[in-house]
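One structure below.
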Amino acid sequence: MARLAGAVVLVTAHDEDDGPRGAPAGMTATAFLSVSLDPPLVLVSVRGGSRMDEILEQRDRWAASLLGAEQRPLAGRFAMRGRLSDRLLFREVPHTLGELSGAPLVEGALAALECETESRVEAGDHTLVIGRVLRTALAPEAGGPLLYYRGDYRRLG
183 MARLAGAVVL VTAHDEDDGP RGAPAGMTAT AFLSVSLDPP LVLVSVRGGS RMDEILEQRD
243 RWAASLLGAE QRPLAGRFAM RGRLSDRLLF REVPHTLGEL SGAPLVEGAL AALECETESR
303 VEAGDHTLVI GRVLRTALAP EAGGPLLYYR GDYRRLG
């Protein structure tokens, strides 16, 4: 499966259980795809039992920022296990909060989606989260996408 190229997406949510006001949470996903155009549905695969799996089980609304080729460092920082807390990581990441989800939307991403979970399916050691797209935002000038291929981040061309 390492030879299957995938988009790199930062999946985010607002973790209400992190402190009195909650905190942003995020993870890099390379298994993200469009499922349906009508209604607009997307799917993200999340490691079962992970912090993000637990947050997405508790929160109906979440977001996804489709990363551009220039955002490779951002992808790596949210993919690390045992990393700093998300609260600290997001301090250095330019973002806005989604109007519908309250989740961080990364500035400079090719596109940002706010979603509401339609269903969750356990599949092996992962959970497939299917979300209905509630709102989209496109970058005014989009460059190329960031891809994941053969265990590393790549760009087109």
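The end of the sequence shown is residue 339 by the numbering used here, with every number in the run present. Built from N, CA and C at the ideal position, the CB exists for glycine as well.
Where the beta strand (DSSP E) through residue i begins and ends
i           : result
residue 293 : 293-305
residue 334 : 334-337
residue 317 : 308-320
residue 209 : 205-211
Host alpha helix (DSSP H) of residue i (start-end)
i           : result
residue 256 : 254-261
residue 234 : 233-240
Burial state of residue i (16 or more Cβ within 10 Å)
i           : result
residue 294 : buried
residue 231 : exposed
residue 242 : exposed
Alpha-carbon to alpha-carbon, residue j and residue i
i           : j           : result
residue 281 : residue 297 : 11 Å
residue 323 : residue 185 : 29 Å
residue 309 : residue 326 : 29 Å
Inset, instruction - Mind the definition here: the segment 246-257 touches the segment 191-208 only if three or more C-beta pairs lie below 8 Å; say whether that holds. - result: yes
Inset, instruction - Inspect the CB distances between the segment 302-313 and the segment 276-288 and report whether three or more fall short of 8 Å. - result: no
Legend entry - Sufficient close CB pairs (3 or more, under 8 Å) joining the segment 311-327 to the segment 214-229: yes
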